[in-house]
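Residue 23 is where the sequence shown starts when you use the working numbering, and the numbers rise one by one after that. Glycine residues also receive a C-beta, built at the ideal position from the N, C-alpha and C atoms. Remember, it's a predicted structure, so these values are computed and weren't measured experimentally.
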Amino acid sequence: MINRGSKDGMRNLTGVNPTSDGIESALGRSQNPVLRVLILGGTGEGNELASRLAQRMDLLAIYSLAGRVSAPKRPEGIVRVGGFGGVDGLGAYLVKEDIRMVVDSTHPFATRISRNAELACASLGVPLVAFTRPPWVQTKKDIWHEVVDFEEAARVVDSKKGRVFLSIGRQEVDRFAACHNAWFLIRAIEEPTGPLPDLHEILLRRGPYSLDEELQLLRDYSINYIISKNSGGAATYSKIQAAQLLKIPVIMVKHPVKHLVRTVETVEDVIVEIDRLVHRNRTTR
Ligand code: NAP
């Protein structure tokens, strides 16, 4: 149990992240009585939300990134980078920075941070607004083979010995290291660090990509399978549209269930929830 008020509770907390230290002193909490909001980010929607909240005078938003890429897209306003140290570390951060609301706008496949946020917020009684992008829905034009995880995706493509476009970011590329038959075009923002499949080429690029660019890429590399996470949203959908047009099968890794709490699906709805909490905070002060 994390305790906001008692000193004993505070002593039990571990893993305070040093990257947060500057924020407290720079802002001067006592001179700044506005509601402090932590946005757990890593998505375009999170960036948009943080930039919009940075314009407001009635709250102060801190945007948090895991630090997965060395030059992330940063929104306007305050940004901190790096893990908190599990549930306890996140709880300690919320107490230390006097955070009164958390917005989870993390990637649909980032399940651990969402779970940590639910536990830390529940333990401290901090309101949590959880955003989840709806997953893409298969249309009549799509040829999808849905799988539950990357291991199943690896088994499916390796048995087919095709030319595979692996477009899942760099973190889970190592799950394909045991593939010896399929050839992989691995596209990521930065070089994958783990073991790689025998047959591959790496393409270091950062999106967004237009439909024409995706069509060109699939043709240039004679791709006959695509592996994608079902991340939803518009930012990476052009590769799915390109696959529809070229009739290329997509091995689609299903969207995990990552929230136990109620979620909202648009940035506008997140702002409605925030406004409700800001209003409640004002009337109870
Ligand atoms: P995760 O498994 O949910 O989180 C792992 C740990 O990373 C968390 O426990 C936390 O460390 C830290 N973390 C994650 N998001 C954070 C944030 N916004 N601020 C501070 N710390 C954060 O997430 P993941 O390992 O980053 O990624 C899992 C999947 O999501 C992958 O498929 C990845 O490609 C996809 N994804 C993630 C991001 C991203 O920005 N994280 C962006 C796009 C896609 P502590 O426990 O130490 O607090």
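Cβ neighbours of residue i in the same chain (closer than 7 Å, five flanking residues each side left out)
i    : result
V148 : L116, I121, R122, M123 and V124
L87  : G63, G64, P94, V101 and V103
V300 : L57, D80 and L81
G191 : A210
N14  : Past the edges of the chain, shown from 23 to 307, lies residue 14, and the structure says nothing about it.
G133 : It is worth fixing the name first, because residue 133 is Thr in this sequence and not Gly. Correct list, in chain order: P278 and K280.
Spatial neighbours of residue i in its chain, beta-carbon cut-off 8 Å, leaving aside the 5 residues before and after
i    : result
V91  : I211 and E212
E194 : F172
V169 : A175, V178, I273, M274, V275 and K276
A257 : G66, G229 and P230
Three-way DSSP call (helix, strand, coil) for residue i in this model
i    : result
Y115 : helix
T65  : coil
K331 : Outside the shown range of the chain (23 to 307) lies residue 331, about which nothing can therefore be said.
I135 : helix
E168 : strand
I273 : strand
E223 : strand
I121 : coil
A152 : strand
V56  : coil
F195 : Inspection of the sequence shows that residue 195 is occupied by Val rather than by Phe. V195: helix per DSSP, three-state reduction.
V178 : helix
V109 : helix
K29  : Residue confidence is low: K29 scores 37 on pLDDT, short of 50, so the model does not pin down where it sits. No coordinate-derived value is stated.
6 Å Cβ shell around residue i - same chain, five flanking residues per side excluded
i    : result
T305 : none
G318 : Since the first residue shown for the chain is 23 and the last is 307, residue 318 is missing from the structure and cannot be characterised.
P97  : N69, A72, S73 and Y85
S244 : R185
D297 : none
I224 : I208
V59  : L81, A83 and M123
Q160 : W166
8 Å contact criterion, which residue i and residue j should meet: CB distance rounded
i    : j    : result
H129 : T65  : 6 Å
V272 : D164 : 7 Å
F187 : P219 : That belief does not hold up - the Cβ atoms of F187 and P219 are roughly 13 Å apart, past 8 Å.
V109 : N138 : 5 Å
S260 : S189 : Incorrect: roughly 11 Å between the Cβ atoms, too far for contact.
L240 : I262 : About 11 Å separates the two Cβ atoms, so there is no contact after all.
L237 : A264 : 5 Å
D126 : A142 : Not quite, the Cβ-Cβ distance comes to about 11 Å (not below 8 Å), so this is no contact.
V283 : E140 : 6 Å
Unbroken alpha helix (DSSP H) run spanning residue i, endpoints
i    : result
K314 : Past the boundaries of the shown model lies residue 314; the chain is included only from 23 to 307, so the question cannot be answered.
I262 : S260 to L268
V300 : V289 to T306
R241 : L233 to D242
Range of the contiguous beta strand (DSSP E) that encloses residue i
i    : result
I208 : W205 to A210
S86  : L81 to L87
R185 : R185 to S189
R102 : I100 to V103
Q: Can you list the residues near the ligand NAP, meaning Cβ strictly closer than 6 Å to any non-hydrogen atom, in the order they appear in the chain?
A: L62, G63, G64, S86, L87, A88, R90, G105, F106, G107, G108, G111, L112, T128, H129, F131, A132, T133, R134, I135, N138, G191, Q193 and E194
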